[in-house]
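Following the working numbering, the numbering of the sequence shown begins with 373 at its first residue and continues without gaps. Backbone N, C-alpha and C fix where the C-beta goes; we use that ideal spot for every residue, glycine too.
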Amino acid sequence: MRRFYPSASLLLPLSLLAVSATAQTSTPVLAGQTAGLQHVVLSPALDIHRPSNSPNASRDRDSLDVDQDGRTDLVFEAWYSQGPRYATVYTSVYLSHMDVEIISVGYPFAFEAGQPLVEATPQPGSGVDRLWSNRSRSGSILTAYTGGFGPHATPFATSSPPNTKYLALRVRAGNAWRYGWVRITMLDLYSTHFQVEAYALQAVPLATLPAQQAAAWQVYPVPAGEQLTIQPPAGGAARATLLDNLGRAVAAPVELAGGRPAQLLLSGLPAGLYLLRVETPQGSFTRRVQKQ
């Protein structure tokens, strides 16, 4: 039997939603964080599993409208297929439109509680980007198991359920993003059973910093060589990220505090035009950076 709801949150009585919202800051959202976010606990949780007494090929679905705008954002699925020799079972998450993104490494990336929900550049020897991906670029498989071969190696896979991890997501709000997470517990890899238990999202997107305040931040040299220096105004604090022309992080973000300058290492990056995104408690701004 297939279940599919346009918006799971609309089915819940208000008494079952735990909601909190305070002022947003520019620090990265942490997996499981509730302070400063709109936080919803699903009661009961979305329970997704292969239906009992199902035919050889079957699936179970449910969905979330994370920003509660009446449009489905995420669709969760458990799927089972019997092949000539072995059965394969999957759990998946699908992005419903281009205004929602998740952090992916080819598969949806699984964060531990308390871990910053940020993209990352490839580590030596890994060759895998951890980046924000939309529906055209993101993989969908949370877990997969094939009889005779065992679990596939995916970030959400575990051999000892129950196992709780967090999916990082962001939802477009005008020209900005609202960042948040979804908490998922894998109950049984072998029967494709998992639960979506809670989610949280920034109450409002980070505003654009007024031009006069943004001008107080110095970025040099221009054009840049092997490194780029960011000099905040007195007492300024921020998080700075270098992006390519597709909006993907190409260098590890740096934190600035106490008005002290910080350096972004550009060695290894090809010459060309990049964007520097600076997020402060008062708002964010971007600067074009030319690397020689």
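TODO: Can you check DSSP and say which residues form a bridge with ARG422?
DONE: As a position in the sequence shown, residue 422 is number 50, starting the count at 1. None; ARG422 has no bridge partner.
* Asked: To which residues of the same chain is PRO625 closer than 7 Å at the C-beta, ignoring the five residues directly before and after it?
  -> On the sequence shown, position 253 is the one that residue 625 refers to. The residues are VAL490, ARG611, ALA612, THR613.
Note to self: By alpha-carbon positions, which one of TRP504, ALA485, VAL661 ends up nearest to ILE474?
What the structure shows: The residue given as residue 474 occupies position 102 in the sequence shown. Comparing Cα positions, the closest option is TRP504.
Measure the Cβ-Cβ separation of GLN567 and THR557 and say whether it is below 8 Å. For the purposes of this step, residue 567 is identified with residue 195 of the sequence shown, where counting begins at 1. For the purposes of this step, residue 557 is identified with residue 185 of the sequence shown, where counting begins at 1. Yes; because the gap between Cβ atoms is below 8 Å, this pair is in contact.
Quiz item: Which residue from VAL401, ALA643, ILE513 puts its Cα closest to that of HIS524?
Solution: Residue 524 sits at position 152 when you count from the first residue of the sequence shown. Out of VAL401, ALA643, ILE513, ILE513 has the C-alpha closest to the C-alpha of HIS524.
Please determine, among PRO533, VAL543, PRO582, the residue with the shortest C-alpha to C-alpha distance to ASP560. Here the question's residue 560 lines up with position 188 in the sequence shown. Answer by Cα proximity: PRO533.
Practice prompt. Would you identify the three-state DSSP class for GLN585, choosing helix, strand or coil?
Written response: Within the sequence shown, numbered from 1, the residue matching residue 585 stands at position 213. Assigned with DSSP and collapsed to three states, GLN585 falls in helix.
- Beta-carbon contacts of PRO605 that lie in its chain and below 6 Å, excluding the five residues immediately before and after: On the sequence shown, residue 605 is found 233 positions in, with the first residue counted as 1. Cβ neighbours of PRO605 beyond the five flanking positions: ALA588.
### Message
Once the 5 residues before and after GLN654 are set aside, which same chain residues still bring their CB inside 7 Å of it?
### Response
Taking the first residue of the sequence shown as position 1, residue 654 is located at position 282. Cβ neighbours of GLN654 beyond the five flanking positions: LEU581, GLN585.
Open item on the list: Applying the 10 Å Cβ sphere with the 16-neighbour rule, what's the burial state of THR444?
Closed with: On the sequence shown, residue 444 is found 72 positions in, with the first residue counted as 1. The residue is buried, with at least 16 neighbouring Cβ atoms inside 10 Å.
Please work out which residues of its chain come closer than 6 Å, Cβ to Cβ, to GLY607, disregarding the five sequence neighbours upstream and downstream, and give them in chain order.
The count along the sequence shown starts at 1 and reaches residue 607 at position 235. Same-chain partners within the cutoff: GLY631.
Give the secondary structure of MET470 by DSSP, where H, G and I count as helix, E and B as strand, and everything else as coil.
On the sequence shown, residue 470 is found 98 positions in, with the first residue counted as 1. Of the three classes helix, strand and coil, the one that applies to MET470 here is coil, per DSSP.
Q. Closest by CA to LYS537, which one among SER510, GLU651, ARG555?
A. Residue mapping note: residue 537 aligns to position 165 of the sequence shown, counting from 1. Of SER510, GLU651, ARG555, the residue nearest in Cα terms is ARG555.
Quick check: what's the CA-CA separation for GLY404 versus TRP553?
Translated into the one-based positions of the sequence shown, residue 404 becomes position 32. Translated into the one-based positions of the sequence shown, residue 553 becomes position 181. Approximately 7 Å, taken between the alpha carbons.
Three-way DSSP call (helix, strand, coil) for ASP432 in this model: For the purposes of this step, residue 432 is taken as the residue at position 60 of the sequence shown. Looking at ASP432 - three-state DSSP - the assignment turns out to be strand.
Check: Along the chain, where does the beta strand (DSSP E) that runs through TYR551 open and close?
Finding: Locating residue 551 in the sequence shown gives position 179, counting from the first residue. Note, TYR551: beta strand (DSSP E), 548-560.
Practice problem: Identify whether GLN487 lies in helix, strand or coil by the three-state DSSP scheme. | Solution: Position 115 of the sequence shown, counted from the start, is the residue given in the question as residue 487. Residue state, collapsed to three classes: coil.
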